[in-house]
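J.: Sharing a structure below in structure tokens format, with a few things to ask.
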Amino acid sequence: MTKKVVFTDDDLQKLSNVFKILSEFSRLKILRTLLEGEKCVTEIINATGLMQANVSKQIKIMHDAGIVACRPAGLQRFYRIVDPTIIDICETICKARK
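Each number in the numbering used here comes from the position in the sequence shown (counting from 1) with 1187 added on.
Put into structure tokens, the structure is as follows:
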């Protein structure tokens, strides 16, 4: 039985935007790190092995897209995932591709 799903143009645009975010390996590594809870940039760098400039750039992109949020604390900023559907998408794709 085939499940019939109808996507509007607006739906497809939203999907396209999500997949653009998820298409960058560095962003996926950062998201994987943030699954453990909120982290500052230094913690993300240590966990991912990415350079500071790249982490900052990718965090900004995800922040602007509403996937992560920032909590200032003194001189540091802590980032966390605020859109759990992103994780659901990643899990679904990983399970389907095994």
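Just so you know, even glycine gets a beta-carbon here, dropped at the ideal spot from N, CA and C. Owing to the predicted nature of the structure, the values given are computational and were not obtained by experimental measurement.
If the criterion is Cβ atoms closer than 8 angstroms, does the pair I1248 and I1208 meet it?
T.: Result yes, Cβ atoms of I1248 and I1208 sit closer than 8 angstroms.
J.: Distance, Cα to Cα, L1237 vs K1244?
T.: If I take the Cα positions, the gap works out to 11 angstroms.
J.: Considering only the beta carbon of each residue, do L1221 and V1255 sit closer than 8 angstroms?
T.: Yes, these two residues count as a Cβ contact at 8 angstroms.
J.: Does the Cβ of R1214 have 16 or more other Cβ atoms within 10 Å, making it buried, or fewer, making it exposed?
T.: The residue in question, R1214, is buried, as its Cβ has 16 or more Cβ neighbours within 10 Å.
J.: Per DSSP, what kind of secondary structure is K1226 in: helix, strand or coil?
T.: Strand at K1226.
J.: Distance check for K1226 and A1240, CA to CA, integer angstroms please.
T.: Rounded to the nearest angstrom, the two C-alpha atoms are 16 angstroms apart.
J.: Locate the alpha helix (DSSP H) running through I1217, then write down its first and last residues.
T.: F1212 to L1221 is the span of the alpha helix (DSSP H), which, as asked, contains I1217.
J.: Determine the burial state of L1218: buried for a count of at least 16 other Cβ atoms within 10 Å of its Cβ, exposed for fewer.
T.: Buried, by the Cβ-count rule.
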